[in-house]
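Chains as they are written, first to last, in UniProt numbering: chain A, 1 to 270; chain B, 1 to 270; chain C, 1 to 270; chain D, 1 to 270. Every residue gets a Cβ at the ideal spot worked out from N, C-alpha and C, and that includes glycine. A quick write-up on the structure given underneath.
Number of protein chains: 4
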Amino acid sequence: MAKSKFEYVRNFETDDTCLRNCYIVVRLDGRNFHKFTEQHKFAKPNDNRALGLMSRSARSVMEELEDIVIAYGQSDEFSFVFKRTSTWFKRRASKLMTHVASQFSSSFVFYWKEFFGEDLPLLYPPSFDGRVVLYPSNRNLKDYLSWRQADCHVNNLYNTVFWTLVQKGGLTTAQAEERLKGTLAADKNEILFSEFNINYNTEPAVLKKGTTLIWEKRDETVTKCMKLPNAEEKEVVVTRSRRRVQAHHCDVIGEQFWEEHPDILEDDNC
Amino acid sequence: MAKSKFEYVRNFETDDTCLRNCYIVVRLDGRNFHKFTEQHKFAKPNDNRALGLMSRSARSVMEELEDIVIAYGQSDEFSFVFKRTSTWFKRRASKLMTHVASQFSSSFVFYWKEFFGEDLPLLYPPSFDGRVVLYPSNRNLKDYLSWRQADCHVNNLYNTVFWTLVQKGGLTTAQAEERLKGTLAADKNEILFSEFNINYNTEPAVLKKGTTLIWEKRDETVTKCMKLPNAEEKEVVVTRSRRRVQAHHCDVIGEQFWEEHPDILEDDNC
Amino acid sequence: MAKSKFEYVRNFETDDTCLRNCYIVVRLDGRNFHKFTEQHKFAKPNDNRALGLMSRSARSVMEELEDIVIAYGQSDEFSFVFKRTSTWFKRRASKLMTHVASQFSSSFVFYWKEFFGEDLPLLYPPSFDGRVVLYPSNRNLKDYLSWRQADCHVNNLYNTVFWTLVQKGGLTTAQAEERLKGTLAADKNEILFSEFNINYNTEPAVLKKGTTLIWEKRDETVTKCMKLPNAEEKEVVVTRSRRRVQAHHCDVIGEQFWEEHPDILEDDNC
Amino acid sequence: MAKSKFEYVRNFETDDTCLRNCYIVVRLDGRNFHKFTEQHKFAKPNDNRALGLMSRSARSVMEELEDIVIAYGQSDEFSFVFKRTSTWFKRRASKLMTHVASQFSSSFVFYWKEFFGEDLPLLYPPSFDGRVVLYPSNRNLKDYLSWRQADCHVNNLYNTVFWTLVQKGGLTTAQAEERLKGTLAADKNEILFSEFNINYNTEPAVLKKGTTLIWEKRDETVTKCMKLPNAEEKEVVVTRSRRRVQAHHCDVIGEQFWEEHPDILEDDNC
Numbered sequence: 001m002a003k004s005k006f007e008y009v010r011n012f013e014t015d016d017t018c019l020r021n022c023y024i025v026v027r028l029d030g031r032n033f034h035k036f037t038e039q040h041k042f043a044k045p046n047d048n049r050a051l052g053l054m055s056r057s058a059r060s061v062m063e064e065l066e067d068i069v070i071a072y073g074q075s076d077e078f079s080f081v082f083k084r085t086s087t088w089f090k091r092r093a094s095k096l097m098t099h100v101a102s103q104f105s106s107s108f109v110f111y112w113k114e115f116f117g118e119d120l121p122l123l124y125p126p127s128f129d130g131r132v133v134l135y136p137s138n139r140n141l142k143d144y145l146s147w148r149q150a151d152c153h154v155n156n157l158y159n160t161v162f163w164t165l166v167q168k169g170g171l172t173t174a175q176a177e178e179r180l181k182g183t184l185a186a187d188k189n190e191i192l193f194s195e196f197n198i199n200y201n202t203e204p205a206v207l208k209k210g211t212t213l214i215w216e217k218r219d220e221t222v223t224k225c226m227k228l229p230n231a232e233e234k235e236v237v238v239t240r241s242r243r244r245v246q247a248h249h250c251d252v253i254g255e256q257f258w259e260e261h262p263d264i265l266e267d268d269n270c
Numbered sequence: 001m002a003k004s005k006f007e008y009v010r011n012f013e014t015d016d017t018c019l020r021n022c023y024i025v026v027r028l029d030g031r032n033f034h035k036f037t038e039q040h041k042f043a044k045p046n047d048n049r050a051l052g053l054m055s056r057s058a059r060s061v062m063e064e065l066e067d068i069v070i071a072y073g074q075s076d077e078f079s080f081v082f083k084r085t086s087t088w089f090k091r092r093a094s095k096l097m098t099h100v101a102s103q104f105s106s107s108f109v110f111y112w113k114e115f116f117g118e119d120l121p122l123l124y125p126p127s128f129d130g131r132v133v134l135y136p137s138n139r140n141l142k143d144y145l146s147w148r149q150a151d152c153h154v155n156n157l158y159n160t161v162f163w164t165l166v167q168k169g170g171l172t173t174a175q176a177e178e179r180l181k182g183t184l185a186a187d188k189n190e191i192l193f194s195e196f197n198i199n200y201n202t203e204p205a206v207l208k209k210g211t212t213l214i215w216e217k218r219d220e221t222v223t224k225c226m227k228l229p230n231a232e233e234k235e236v237v238v239t240r241s242r243r244r245v246q247a248h249h250c251d252v253i254g255e256q257f258w259e260e261h262p263d264i265l266e267d268d269n270c
Numbered sequence: 001m002a003k004s005k006f007e008y009v010r011n012f013e014t015d016d017t018c019l020r021n022c023y024i025v026v027r028l029d030g031r032n033f034h035k036f037t038e039q040h041k042f043a044k045p046n047d048n049r050a051l052g053l054m055s056r057s058a059r060s061v062m063e064e065l066e067d068i069v070i071a072y073g074q075s076d077e078f079s080f081v082f083k084r085t086s087t088w089f090k091r092r093a094s095k096l097m098t099h100v101a102s103q104f105s106s107s108f109v110f111y112w113k114e115f116f117g118e119d120l121p122l123l124y125p126p127s128f129d130g131r132v133v134l135y136p137s138n139r140n141l142k143d144y145l146s147w148r149q150a151d152c153h154v155n156n157l158y159n160t161v162f163w164t165l166v167q168k169g170g171l172t173t174a175q176a177e178e179r180l181k182g183t184l185a186a187d188k189n190e191i192l193f194s195e196f197n198i199n200y201n202t203e204p205a206v207l208k209k210g211t212t213l214i215w216e217k218r219d220e221t222v223t224k225c226m227k228l229p230n231a232e233e234k235e236v237v238v239t240r241s242r243r244r245v246q247a248h249h250c251d252v253i254g255e256q257f258w259e260e261h262p263d264i265l266e267d268d269n270c
Numbered sequence: 001m002a003k004s005k006f007e008y009v010r011n012f013e014t015d016d017t018c019l020r021n022c023y024i025v026v027r028l029d030g031r032n033f034h035k036f037t038e039q040h041k042f043a044k045p046n047d048n049r050a051l052g053l054m055s056r057s058a059r060s061v062m063e064e065l066e067d068i069v070i071a072y073g074q075s076d077e078f079s080f081v082f083k084r085t086s087t088w089f090k091r092r093a094s095k096l097m098t099h100v101a102s103q104f105s106s107s108f109v110f111y112w113k114e115f116f117g118e119d120l121p122l123l124y125p126p127s128f129d130g131r132v133v134l135y136p137s138n139r140n141l142k143d144y145l146s147w148r149q150a151d152c153h154v155n156n157l158y159n160t161v162f163w164t165l166v167q168k169g170g171l172t173t174a175q176a177e178e179r180l181k182g183t184l185a186a187d188k189n190e191i192l193f194s195e196f197n198i199n200y201n202t203e204p205a206v207l208k209k210g211t212t213l214i215w216e217k218r219d220e221t222v223t224k225c226m227k228l229p230n231a232e233e234k235e236v237v238v239t240r241s242r243r244r245v246q247a248h249h250c251d252v253i254g255e256q257f258w259e260e261h262p263d264i265l266e267d268d269n270c
């Protein structure tokens, strides 16, 4: 077969290797999720089942791509951070981002029923788009995650007040929008507290802080069956260490989180 | 909130706009599909349900991204061709490939049951990786598709003989591999014919030629209910034109296909 | 010597291969040439010596890099077009543009005296910056050159009127600028003709059209000294074909130039 | 003029912005300098005039592009390091490398006579090609410079022994090559010392270590003429600080150089 005659087309592929010694961030965003949440009647302002499914799908990505050291998600977006020395897919940007987007999307459909049950079937296959961004220093990476968490806070405070005004205050969405125009964070906190007796600070951390996934070592105690030299069997208790993806809903902007988890980042001067 | 302080990290994103006036090809490949097909007990050498699911998922991609003018798939891969003048996502490579990978993957899980029924459940979420390649001329693009179809032919002929030797000839896989070492296409055809009375030419086209998806205009005849001026209603028959994704299993290497579908490609000298 | 310990830094280089089957254009622009022309007292609006030196330097580039099929220059810029199938420097963008920039700049200083003589010495080493742009089709490439030539026309007409108003009309530069604000090409032609009796159409083509350099085959007749078998010598006249860089100052926007030189461009559908 | 019709071609330019917060290194290499040194009869193994000219040209580049914090050269190559926070040319790789290549090349021709005098005229315009490499950390950058200096050492030791064997030992170049095959650094030192009484350690540092250019602040004492209130004039002595490019021929592999010049590099964690 004249295979060779066409094979020159391979040379049109270009190299998109990510610069070495930089953190590789892949961020996914839901496509047309405004419409998607409407059609699936998601609770407003936050749907805990949806947040759980997002987090479950992100865990599925981390378990497939072990060089991801931390992931952060909020609303319909999730960011995955590959360690700076990663050599997965030879650091080819296209491979990294499509693999993440694909694994996340298939997981989202696969685990849907676990979170939404039989009553709310998935109506059509949703999609996420992605991008790759490189960060050369620990400072830059922390600032990236802080940027996303600050965004989470700003949006969640707004949405909380907005939907409270609509759902409990009886305003139309247009009226609620008008009411909030130009208000600062303090104003919004005040509306919640004085008009609806809601203390924003006591809202669930998953909503205020988003979800941070990291690897954690756990000691597991298992009982194993051991053969003795005399051919008898004996049960022994064994302790072994296993890495597991663990979810946190804490502040990542301050230094405390990073001090408590010194293994996530690598030294800058390497 | 100190949002602005972190927002500088956006400047680390780089522009990956695809060169104008080139066809943009996104090719997806199944990840670890050897293991996946084993675990889901796919029929050998080809599983029609799986090919149907691949094709269904590809159609879902085309319906979401209308600038795709042709798609070609075989085995666990699928290529999608955006028209050279497309401005989807401002031609940003990362967005195009992640959207395609995501939509394909979520569709693959979503439509699984349509093809595999209740008896063969999906065991875990599969994934596909992708890449983007640009082709400046019609000749280059046709040669790309010819390359994939020639690859389909070479692999399918090999797999057909290999599994016939194993399934009907009683050879082990190692023996079948040894037997085929160094054989040419003619030798393989001869083994099939003289030893198993199989004429490769009469094998299904979907296996020998893969699947080509293109848009086709169809005239649809629908019956509509029309209100007359006197307030009565009357049924009228209306003919309207609709674009639909249509599957073909034909040769795309020769010129005939392209002559029969002159609208797929745009003029080179534009 | 611990050479190997450091050699990992080579892996930080990234591949910048230009997409195959596209014309590669390298355009150079003079840096701070406004100041440079002032300090070297260039004639206004055009200095023929400077244009000659630009053209001479461009020829030096073409003679060094034979895959350049056409070059076009005007004012303090020059564009060099590599043929679409070129494999010079493995099509690495960085190598192509730096080599062109370097060869042009060293030639500019080297040949300065040929054009400016001993009286006007070069005061300091000038510099040019460059860029690479790819064009997939003949139409795109012709439109690129047309764009530059249209720019040449617009600028030269403006500068011609502007400096005529200043030099012959006695206006200050500020007054000339004010006078030309909002004028169209026809207005400018009219000012030249009615106030200064200058017919712009008869201005030198090198100014109106810029300089186009292409390769041309010439038959050369040379007299060679040949040794005869009897050890005597005899002069013989030999005709041989040689490629030479030839300058044109003609229109490249219309089709005529391309029809007269069919060998410059390659077929689109290759 | 139909300028707008063609202007779409500008959109074919692609963005090549260098990743933020990384050192940008532009390295130049002489093209065909083997032939160039032969034709200009450079002294072997090192021509001090040529090294001086390289250094002078590099200084000219640094003075034009003030964001270059350090430059390192040896043989016919020179590397220029832009500070990691530089925003010159908006960090566009093509602009940075072509400007460096151009300024260096024009300077090389411009200052030729200063180093080679009237007796050895430049025969033709030489050229240099360049590339851009990014380094995210101080460690990476130091290792890059160490890599080049280690290369300088290895090559200079080899060349010193090689040409000593030829010039003083009477060997042909082929014999000298053969003699050195497989020898280690210690062997080469031994040949120099025992056969020619040359202690390599006392060779000039410029040859063993190459040339490092950095900015240094100098206090300059100048006498200025000052007008007094009573309209008289008075001479005053003023001390002012000026940045100047200073050449060093020292080790940059160890930490001492960096400790002595703490201002060259910026903090990693920025």
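- Among the residues of chain B, those whose CB is under 9 Å from the CB of Phe12/D are Leu19, Arg20, Asn21, following chain order.
- When C-beta atoms of the stretch 128-147 of chain B are compared with those of the stretch 16-27 of chain B, three or more pairs fall below 8 Å, so the two segments count as touching.
- Close CB contacts of Leu192/D within its chain, under the 8 Å cut and outside five residues either way in sequence, are with Thr160, Val161, Thr164, Ile198, Asn199, Tyr200 (chain order).
- In this structure, the beta-carbon distance from Thr212/C to Val252/C falls below 9 Å.
- Of all residues in the UniProt domain "tRNAHis guanylyltransferase catalytic" (6-136) of chain D, only Asn11, Phe12, Thr14, Asp15, Thr17, Leu19, Arg20 place a beta-carbon less than 7 Å from a beta-carbon of chain B.
- Take His248/A, set aside five residues on each side of it, and the residues of its chain with a beta-carbon closer than 6 Å to its own are Thr212, in chain order.
- Within its own chain, the residues whose Cβ lies closer than 8 Å to the Cβ of Ser137/C, once the five positions on either side in sequence are excluded, are Asp268, listed in chain order.
- A Cβ-Cβ separation of about 18 Å leaves Leu28/C out of contact with Phe115/C under the 8 Å criterion.
- Just so you know, the alpha carbons of Glu260/C and Lys90/B end up roughly 38 Å apart.
- From the listed residues Glu235/B, Gly210/B, Asp15/B, the smallest Cα separation to Ser55/B is found for Gly210/B.
- In this structure, Ser94/A keeps its C-beta atom at 9 Å or more from the C-beta atom of Gly73/B.
- Val133/A is a Cβ neighbour of Thr14/B, given a cutoff of 9 Å.
- Taken atom to atom, the span from the alpha-carbon of Glu177/B to that of Val9/A is near 29 Å.
- Contact between the stretch 180-195 of chain B and the stretch 224-238 of chain B is not established, with fewer than three Cβ pairs separated by less than 8 Å.
- In the three-state DSSP reduction, Ser241/D falls in the strand class (E or B).
- Bridge pairing for Gln246/D: Ile214/D [DSSP].
- Here Ala71/D carries a strand assignment [DSSP, helix/strand/coil].
- Phe36/D and Gly30/D have their C-alpha atoms some 9 Å from each other.
- The three-state secondary structure of Ile24/B, taken from DSSP, is strand.
- Rounded to the nearest whole angstrom, the CA to CA distance from Pro204/A to Ser105/B is 32 Å.
- Counting every other CB atom within 10 Å of its CB across the protein chains shown gives Ser75/A a total of 16 or more, marking it as buried.
- Among the residues of chain C, those whose CB is under 7 Å from the CB of Trp147/D are Phe6, Glu7, Val9, following chain order.
- DSSP lists Gly30/C as the bridge partner or partners of Phe128/C.
- Against Tyr144/A, the close residues of chain B are Val9, in the order they occur along the chain (beta-carbon pairs closer than 7 Å).
- At least one CB atom of chain A sits nearer than 9 Å to the CB of Asn140/B.
- With at least 16 other beta carbons inside 10 angstroms of its own, Cys18/A counts as buried.
- Ala150/A belongs to the set of residues whose beta carbon lies under 9 Å from a beta carbon in chain B.
- Excluding residues up to 5 positions away in sequence, Glu220 lie with their Cβ nearer than 6 Å to the Cβ of Arg240/C in the same chain.
- In the structure shown, Phe162/B adopts helical secondary structure according to DSSP, grouped into three states.
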